[in-house]
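In what follows, a structure is listed as structure tokens, so that the remarks can point back to it.
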Amino acid sequence: MSSINPHRWWLLLVVSSGLLLITLDNSILYTALPTLVQDLGASQSQLLWIINAYPLVMAGLLLGAGTLGDRVGHRRIFLIGLVVFGTASTVAAFSPSPEILISARGLLAVGAAMMMPATLALIRVTFDDQREQNLAYAIWGMLAIVGSALGPILGGFLLGHFWWGSVFLINVPVVVAAFVGTLLVAPRVEPDPSKTWDFVSSAQAMVMLAGFVVAIKELTQGKNIEFGLAAIAVSVLAAILFVRRQKRLTYPLLDFSVFKNPALMSGVLAAAFALFAIAGIQLTTTQRFQIVEGFTPIQAGYLVSIIAISCIPLSLIGGAYLHRIGLRILIAGGLATCSVAAVITAIGFGIGLPWLICGLVIMGFGVGAALSVASTAILGNAPIERAGMAGAVEEVSYELGSLLAVALLGSLTAALYSFGASFPEGTPAAASDSIIAAWSIAEGMGADGQEIFAEAARAFDQAYVMVLYVIAGVLAIGTVVTAMLLRDYGIGSSSTIHDWGDGDWGDEEWES
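Here the sequence shown is numbered in numbering that gives the first Met the number 0, starting from 0 and rising by one per residue.
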């Protein structure tokens, strides 16, 4: 039983602090975008890359980092990741230009990619009581959402009292505390030098994801179709090379047989769909209420934090009572609730703020239910010797969901805004690029800019509502797919398919 490890709950606290840092930095800049325009002179394209560089690089490196942890030890890789993360935070805090900030965000992602799979793998090897493990995973999932929601709040608070670099510098003391805590309570697992780590596969994954994101941005904006199509071609080529390479490797970065397991696949999809919704709503809502309604950064942060606050009860209940409720109700039912909540939010936006808040609360209920068991579905259906890879698979799904939300929904919002805006004659063309640009132009024109800002606000509100309906549609698809995958996982069913003690994986023997 897990009682043989008296430090297991302290370990959960330590890895959770690292997880909070990672998820905070995914969203902490949402409320800082107008400030970065003013203080650093960042363009709209640079703003997207300041946001995108972090999840993009992290998603590309996660599989490699998870497998590397299986080889050299998850404790060691977590410690190294903390050092890299703390160093990058310091560089980001004092960045003199958007270009350096983008580079620092990429380095932050390197540290985060090393840390994140290790957090789940350390939980997997420390908690051997199934129900305690389920609860630990639920707490992990809850904190991932809470950290993402705390980002805009903490960012808003720091921007209200300090300069923008403080949103990064706040990471450093937490890194130091987590480093010391890891040395004290994390279990030592002997490295396995027989397991190889393949840098080429990591590079292929990075190119595949980068090409995909660039293609989405260019094709959605419709300004450089040829470049977008070229990016798709590069992404597809990298994907083909990646898949072929994995089939040849004895110890691949990603063994595709894992996706034969319907419970594991449903956990991957639950994480991706839920983070897609959360990141999309946070990004568009904070911008809308800051610029159009004049909310302060911290006020906008409080508004979107409603999702995280309301997800807490369902996260804990789902993890504690998975054995009674079953995966299908929690995952498919949670995504269905999120879809309905997105529609309520869109309708409520036109009625009044209380109705919009009601939609966000219901969204939190659905997110909490789905994510409470996503980790259990994934890591509970993977052999313990590949906990790092399984953890990386989950976190890639988190990052891809967030990455697609920022790239796709951010670009879609901008495109809908540009298409729907009809400014008075003589308005600078830049006003059609983004509401931030229109806001800056209107401010510089004084009273003459009021008509420009009013039209920009109307166009952005129209785009905002359309994006909410798109989110609802995506979540409805997620509901149907996961419900079909989990048709054998009703009330009271087990969270796992196989007993990994016999080394079985689906129809094939696991190759270690």
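Note that CB positions come from ideal geometry on N, CA and C, so glycine has one too.
| task | Would you mind stating whether Thr344 and Leu326 have Cβ atoms separated by less than 7 angstroms? | result | no
| query | Between which two residues does the alpha helix (DSSP H) containing His73 stretch? | reply | 73-92
| Excluding five sequence neighbours on each side, which residues of the same chain lie with their C-beta closer than 7 angstroms to the C-beta of Gly500? | Residue confidence is low: Gly500 scores 35 on pLDDT, short of 50, so the model does not pin down where it sits. No coordinate-derived value is stated.
| query | Which of helix, strand or coil does DSSP assign to Trp163? | reply | coil
| query | For Met264, which three-state DSSP category applies? | reply | helix
| Mind checking whether Ala437 and Ala430 have CB atoms under 7 angstroms apart? | yes
| request: Using 6 angstroms as the cut-off, classify the Cβ of Ala391 as near or not near the heavy atoms of the ligand GDP, replying yes or no. | output: As far as ligands go, the structure on display features none, and thus does not contain the ligand GDP.
| Residue burial classification, Trp139 (beta-carbon count within 10 angstroms, cutoff 16) | buried
| request: Decide if Arg247 is buried, meaning its Cβ has at least 16 other Cβ atoms within 10 Å, or exposed. | output: exposed
| Do Ala204 and Leu62 come within 7 angstroms of each other at the CB atom, strictly closer than that value? | yes
| Could you give the distance in angstroms between the alpha-carbon of Ala414 and the alpha-carbon of Ile350? | 25 angstroms
| request: Check whether the Cβ atoms of Leu517 and Ala91 lie closer than 7 angstroms to each other. | output: Missing from the structure shown is residue 517; the chain here goes from 0 to 511 and no further.
| Pick from Phe275, Gly358, Ser396 that is closest to Ala58, judged by C-alpha positions | Ser396
| query | Which residues mark the beginning and the end of the alpha helix (DSSP H) in which Arg187 is found? | reply | Element bounds for Arg187: n/a, residue is neither H nor E.
| field | Thr285, buried or exposed, once every other Cβ within 10 Å from all chains shown has been counted against 16 | value | buried
| task | Flag this pair as touching only if the segment 306-315 and the segment 146-165 have three or more C-beta atom pairs under 8 angstroms; answer yes or no. | result | yes
| task | Kindly list the residues whose CB is nearer than 7 angstroms to the CB of Ile50, restricted to its own chain and excluding five residues on each side of it in sequence; keep chain order. | result | Leu28, Val405
| said: By the DSSP assignment, the alpha helix (DSSP H) with Ser234 in it spans what residues? | reply: 224-247
| request: Please report how far the alpha carbon of Leu10 lies from the alpha carbon of Ser371, in whole angstroms. | output: 19 angstroms
| With 16 as the cutoff for other CB atoms within 10 Å, does Trp48 come out buried or exposed? | buried
| task | My understanding is that Leu157 touches Phe84, with C-beta atoms under 8 angstroms, so please give their C-beta distance in whole angstroms. | result | At roughly 18 angstroms, the Cβ-Cβ gap does not stay under 8 angstroms, so Leu157 and Phe84 are not in contact.
| message | Using the three-state DSSP reduction, which class does Ala420 fall into: helix, strand or coil? | response | coil
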